[in-house]
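4 protein chains.
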Amino acid sequence: MDAMLSPQPVQLGLPAEAAASSMVRRFQQVRAQSVALIRPLSAEDCQLQSMPDASPAKWHLAHLTWFFETFILERFETNFKPFDASFRVLFNSYYNGVGDKYPRPQRGMISRPTLEQVLDYRSEVDERILAVLTQHPDDAELAKLVTLGLHHEQQHQELLLTDIKHALSFNPARPAYARQWPLAGISPQPLRWIGFEGGLLELGFDPRSDGDFAFDNETPRHKVYIAPFDIGSRLVTNGEMMAFIEDGGYRRPELWLSMGWDWAQTNHAAMPLYWQASDHGCGYQNFTLQGLVEVDAHTPVCHLSYFEADAYARWAGARLPTEFEWELAARSVPAQQATQGNFVEGAAYHPIPLQQQSPGSPAQMFGDVWEWTQSNYNPYPGYKPWEGLVGEYNGKFMCNQFVLRGGSCATPHSHIRASYRNFFPPDAQWQFSGLRLARDIA
Amino acid sequence: MDAMLSPQPVQLGLPAEAAASSMVRRFQQVRAQSVALIRPLSAEDCQLQSMPDASPAKWHLAHLTWFFETFILERFETNFKPFDASFRVLFNSYYNGVGDKYPRPQRGMISRPTLEQVLDYRSEVDERILAVLTQHPDDAELAKLVTLGLHHEQQHQELLLTDIKHALSFNPARPAYARQWPLAGISPQPLRWIGFEGGLLELGFDPRSDGDFAFDNETPRHKVYIAPFDIGSRLVTNGEMMAFIEDGGYRRPELWLSMGWDWAQTNHAAMPLYWQASDHGCGYQNFTLQGLVEVDAHTPVCHLSYFEADAYARWAGARLPTEFEWELAARSVPAQQATQGNFVEGAAYHPIPLQQQSPGSPAQMFGDVWEWTQSNYNPYPGYKPWEGLVGEYNGKFMCNQFVLRGGSCATPHSHIRASYRNFFPPDAQWQFSGLRLARDIA
Amino acid sequence: MDAMLSPQPVQLGLPAEAAASSMVRRFQQVRAQSVALIRPLSAEDCQLQSMPDASPAKWHLAHLTWFFETFILERFETNFKPFDASFRVLFNSYYNGVGDKYPRPQRGMISRPTLEQVLDYRSEVDERILAVLTQHPDDAELAKLVTLGLHHEQQHQELLLTDIKHALSFNPARPAYARQWPLAGISPQPLRWIGFEGGLLELGFDPRSDGDFAFDNETPRHKVYIAPFDIGSRLVTNGEMMAFIEDGGYRRPELWLSMGWDWAQTNHAAMPLYWQASDHGCGYQNFTLQGLVEVDAHTPVCHLSYFEADAYARWAGARLPTEFEWELAARSVPAQQATQGNFVEGAAYHPIPLQQQSPGSPAQMFGDVWEWTQSNYNPYPGYKPWEGLVGEYNGKFMCNQFVLRGGSCATPHSHIRASYRNFFPPDAQWQFSGLRLARDIA
Amino acid sequence: MDAMLSPQPVQLGLPAEAAASSMVRRFQQVRAQSVALIRPLSAEDCQLQSMPDASPAKWHLAHLTWFFETFILERFETNFKPFDASFRVLFNSYYNGVGDKYPRPQRGMISRPTLEQVLDYRSEVDERILAVLTQHPDDAELAKLVTLGLHHEQQHQELLLTDIKHALSFNPARPAYARQWPLAGISPQPLRWIGFEGGLLELGFDPRSDGDFAFDNETPRHKVYIAPFDIGSRLVTNGEMMAFIEDGGYRRPELWLSMGWDWAQTNHAAMPLYWQASDHGCGYQNFTLQGLVEVDAHTPVCHLSYFEADAYARWAGARLPTEFEWELAARSVPAQQATQGNFVEGAAYHPIPLQQQSPGSPAQMFGDVWEWTQSNYNPYPGYKPWEGLVGEYNGKFMCNQFVLRGGSCATPHSHIRASYRNFFPPDAQWQFSGLRLARDIA
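Protein chains in written order, with full-length UniProt numbering: chain A, 1 to 442; chain B, 1 to 442; chain C, 1 to 442; chain D, 1 to 442.
As structure tokens, this is what we get:
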């Protein structure tokens, strides 16, 4: 059981050499993807920090490199010398064990190093990591840490996109990050209910089906009792959200949690984040990474806070699923279908309308939008944080956050799995967060 | 099942007449207790509001009467006339369904009505409620609502005490509310671990053992799987907390949740609320409702935030119990022992040292201090709020709060039961909140 | 010159005995007036603090007594013992030289001592002061300090009224402090301009005409050059303010100082403080110390911030006078007329309509409302604060405040004089503050 | 008199053609200087906004161009087309008359247009302004507005430097803007007092001596009475400030204005802005535009708030001069000496030690540091704002600010004159602000 509690390639099952070479390829691919993501951006774009919760794109690029330098090079290089000694503090995110941190709300104040210098930092550290990998082809601990570093990198790739979207939204010109809508005809899909019997089940990360890596917060696999429930066959759409709005949903306190109602009043919430009343008087416009577009009724709604998702569900006479209900439903999806979602590789950078549904299986479980669950982000029974410095990765955030599941249009496809737990406070809106309904079976 | 979802005397099992007369006695007793609680206070004391979360004693007295007037007299009196029409807004706490509310942070600004007028308001409404009870001896709905009103009254009796304690603490003279320490010799009690096997169990309100009333949030009774665990034989003490302090507990981020660490830094937390370094240079003093006293090592620690309780547990190599673990343990306590706790009737208004333990049964499960659990305040599977205006009582607060169990030295004895769920945000300190440890069985 | 810089009865000109007996009478009269002002108030009313800038009535009563105890009894009693040692901190307002201070925003948290105990404190200190006066009939320093204490007391009498008005305004019942409008027929008075030639003049406190006491901030008398100007023959009225409102005055940035416009936007300012749109759809209602009344067009407007007064003046094509223009105009008013204003002794507790004007002399210069001037509260050339502890009385507040002149309906008549300088920050509204127009002579 | 109230070249006294050609040269020179100032900066540096009161360098460059486009091209071009229609809002600073404004605290969020695009914007508008100047060689109104635009540009050149200094100070590397200290031997200069008789004088802008342009706030020239006074022969130095610190100056409330003391407590002020305790344990280091340096005792102290300047003066047994005392002293300085100060052209970007003094004339009146005066920024008697859109330039800021005089090491030499009034709120520290002492003559 202990093995599952640390960052790991679990039973890679490959000869060490092949594993190392696959690791090298994966390392190169994931690291290159981060740099590819800033191609549409100027050095000034990469400098922007629009709120304390978001970070500049340049900071993401540097911090991801800091992670490899601090947790791997420092340990595996014999005569380790830092690229720049000041980076240890400058690009530490939240690891108290590593030492001081530059204050998060001021990350946008770091104009030096420049973007160019940060890219040089990446190149050098990449080369040195590759050298270390070559020197230690069999080192399991090294393999574990590189794997962790790459999953960490993928998490930040998504944050880089959501953070730059938030930053660009402050520009009245509503500039587009990209212009490449995947074309698609619309084929409206009715919402159906799919029933599950539940029972006393084992849930959590399962190396037999969930791949060779998990974060500590997905473990240990443990028993949960789930009562029978129905879950929605697809995500809630913009069109359904518009009906909520037109029915006065944002003005009716009985639909909201008390804290949600306060949030809505304080923030004058009247529609999802990035929506605005349409210039031509009816309908809504939506700021996306593809610029300002008309709100499409059949596209999954996103950028909802937990409060909005919860209020919508109550208005619809339903509720949010628990994370275990969600996981049970997700594990029922045929493997082939699960991999065909709308992930970052599709370059839509936005949810897209559902084209078809299979009768007995919920659609859109992976990709498009993260799905709010009613589950708090709590430790699983028997949870133990990873040992060492990376022990600060997850456990210390288990308070006043809710679990989201399933990945989004900004998630790398290879990053998501049925046991994956994302988490945000209930007022967070700037992630690609939406919802799927659930209900009790009477 | 439906019957359990509404405010209720469940199966009173008495002839209507006897029930009504018992109801009358209970009504008179509970209502009188509220007024008794302000006897040590001046009109000016009763006016104090020291923070938005707390209310003036006078406001409590008025609001409790408003509850009976609004939810009972308005409905059951034929020619209902309000005592004072303006009170409907002035003393509404948070019921949007009832209409406007006077802003909570300004309750301390209501000097008129005076305390004397509020006491007149209580007397008149009491008489009218008694008249209604006499006229409708068989009305089950009336009985339900009066019962609810009395449990509501008891909740506020505890708040009245914790709120006035908070308010008086602003006075540099540290004035005592009462002077009547129950005398007790000290007999140090070692901490022992008591094991439970767990399994798939039914938990939540059980009318067979938990009495004739429950709040909606304790229902429905439902299945939960609990893994084997140990629980502490007694509460954590001041002495143990002092060891945590001396070991640098408040200065070591690795012991804290990230949000807790931020809270501790922002609030310069270095010891429990109401503690201060002792005048004579070593040890601590504690502001209590009995004035300023030396901190006693064997008394259960209280006025901890969730953050402090969680950090202490981590430091002690243990964790907080879940609310279901707690309930399972509480249901193992012999009935006689459960009723002998330190409740408000004992007039200590402070936790007291444990005198003895039974070998196989956890002590201090009821009374002394509310025990933080690691469970978020979430709806039980199948939860439905009460119907009607009182539906706002509980459900809308199920967000970013943690469950506390077991009652305290400020809780009326007849108010507590094994299924009772109290709840506060993790930074709340002004309740009599402490902790008991738990741990996994490897 | 030095003599003028310390608190003083200047040129008492009476034999010591007669002076002392006159001092005793004055002491008794002024001290009794403070207590008389709380007669319409309950102990709970006297506990209210509605904002950090305001204090509870009970605190005023205690602090005024603290002033006599600290600055006189401590010095002149041989075996001085404080009434209660804790009061030295509790009722210190802002004298760093005296030592610690209880935090101002929490004055409303001091329920103990009770009002009754504070009245006992007053009685005892009064007796002891009278004893000291009897023992030291010739002590000039004592006489100076008692005189200062009485002027200090009168200042707080006005604050007591404006503070309780502010506090009572939080009560939705809009309770009246008093019910005794002085009756008066209305005789509309046109605004006329009265011209002054100005020149190089001596201004500031003049013991020949301004009585036997001045605060240090009114000294030294000094030369000022004033260009020719016109000043309004009367105060600006509610009717004129309504015309400003109807002309969009609160919505036109070009009428406002930049900081005033920000203030108006932040505070959603749309009318003077204590006004509200009338229930019956047109006109305005005004919360006064006499309860809620219809706004009367001929009554001087009051409770304006500097920002509103300045914006009104700009809208009217005029400007606020400087404090020196005001003083020059005030010194032109015949002595008899000056003493017939609407002061606190009239018990209107509100400005009243002007009944008649004399042709060449401005009316309403004294009483009714404090008049905002465009002069910052700065030291006069050669200004020196009083020596000793009372040196903190005025000088340290000379920053970001504006001078108001002339006294109000809440000012004791014997407290005001032509050289008197009141001062408040430009956003303060809760004083009886209004305006009179001025303009350049082309 | 009227002529003096509008933006103006007063009495150019040149044939129109020569005037126009001199205007062209001046336009080119001043505009080029703005671009020269960002040469040491990257695009990312130019994006930084470290507080709402400061603006990104890029924003300054764009806003200055907006000024010429909006106030001149819109009016003088026949078929005016904006460079980019969105810039009208984006780069409007505070002109309500021009329409909407992008929120000031979010200027740092404008990554697009890029710096390169802003430089293109500058080039195009420059060409178009030169074309307009060629077409209208005799247009006095045009000449006035271009002159105003160039003085406006010079004001922002100074702000650009103080803002980028503030932004770079957030970088733990303390990066230098420039590396070009002007070398200078140290020759300590004693502080001497220079007396002035004062009297009834005419002060304010005087075209005979102050050049051909003034802002409206320097007018009209008017009579002021000044009592006799002494003024310090030089600026207060770092060494003198260190003596203040060592004498507990920052810990003694009696030295401070009440509002200043609150400011110092809230901000934990213990030394001037940009100072830090020296790494090697004694003395101080100073972040400058030339990087981190040891504090030099003979250099004028700068980056003081008004509160610090006022407290220092009180500690020194003196006071700040009034702005009229300062102006009188400044007008006594021989013209030749006045022009030899330390201005931006010297490229020190920091005050420098005084090398010598003349006996009867105060040194360092111009350049080095802006000198706080005790005068509030108020309108001169008879003041009228300029007509038209530029009327918002100055008047609306006349509230809660203090006047500073004399220019600084970041001021263009041709921008300053004896009548020039700079102004900042009393807590502002990020300008090159220091002080000179004054005192009454007994």
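We put the CB at the ideal spot given by N, CA and C, even for glycine.
Whole-number beta carbon distance between residue j and residue i, since they are thought to touch under 8 Å
i, j, result
"Val403(D)", "Phe432(D)", "Actually they do not touch by this definition, with Cβ atoms about 15 Å apart."
"Arg436(A)", "Tyr377(A)", "That belief does not hold up - the Cβ atoms of Arg436(A) and Tyr377(A) are roughly 18 Å apart, past 8 Å."
"Ala20(D)", "Pro137(D)", "4 Å"
"Gln365(D)", "Ala330(D)", "Note that residue 365(D) corresponds to Met in the displayed sequence, not to Gln. Met365(D) to Ala330(D), Cβ: 5 Å. Contact."
"Gly407(B)", "Gly367(B)", "6 Å"
Burial state of residue i (16 or more Cβ within 10 Å)
i, result
"Val132(D)", "buried"
"Pro105(B)", "exposed"
"Glu246(C)", "exposed"
"Gln429(C)", "buried"
"Thr78(A)", "exposed"
Span separating the alpha-carbon of residue i from that of residue j
i, j, result
"Gln117(D)", "Glu44(A)", "12 Å"
"Gln189(A)", "Gln357(A)", "7 Å"
"Ala3(C)", "Ala214(C)", "Only weak support exists for where Ala3(C) lies, its pLDDT of 29 falling under 50; the value from the coordinates is given anyway. Cα to Cα, Ala3(C) sits roughly 11 Å from Ala214(C)."
"Phe397(C)", "Trp370(C)", "19 Å"
"Leu5(C)", "Asn394(D)", "Bear in mind that a pLDDT of 29 at Leu5(C), under 50, signals an unreliable position, so the number given afterwards is only what the model happens to contain. The straight-line gap from Cα to Cα measures roughly 37 Å."
"Glu254(C)", "Asn96(D)", "8 Å"
"His413(A)", "Val390(A)", "24 Å"
"Thr373(B)", "Gly382(B)", "22 Å"
"Leu273(C)", "Asp163(D)", "39 Å"
"Pro425(A)", "Asn400(A)", "6 Å"
"Phe71(B)", "Thr266(D)", "49 Å"
Simplified DSSP state of residue i, which is helix, strand or coil
i, result
"Val236(A)", "coil"
"Asp2(C)", "For Asp2(C), the pLDDT reaches just 30, beneath the cut-off of 50, and the residue's location in the model is therefore unreliable, although a value from the coordinates is still provided. The answer is helix: DSSP assigns Asp2(C) an H, G or I state."
"Gln276(D)", "strand"
"His136(B)", "coil"
"Asn378(A)", "coil"
"His415(D)", "helix"
"Tyr312(A)", "helix"
8 Å Cβ cutoff, residue i in contact with chain F
i, result
"Ala338(A)", "Looking at the structure shown, chain F is missing, and the protein chains on hand are A, B, C and D."
Own chain residues within Cβ distance below 7 Å of residue i, not counting five before or after
i, result
"Ala313(D)", "Arg319, Leu320, Leu435, Leu437"
"Cys46(B)", "Ile38, Pro56, Ala57, Lys58, Leu115"
"Tyr250(B)", "Ala264, Ala269, Ala270"
"Leu150(D)", "Arg26, Phe27, Val30"
"Thr322(D)", "Thr373, Gln374, Ser375"
Spatial neighbours of residue i in its chain, beta-carbon cut-off 6 Å, leaving aside the 5 residues before and after
i, result
"Pro351(B)", "Thr299, Pro300, Cys302, Asp368, Val369, Cys409"
"Arg439(C)", "Asp230, Ala318"
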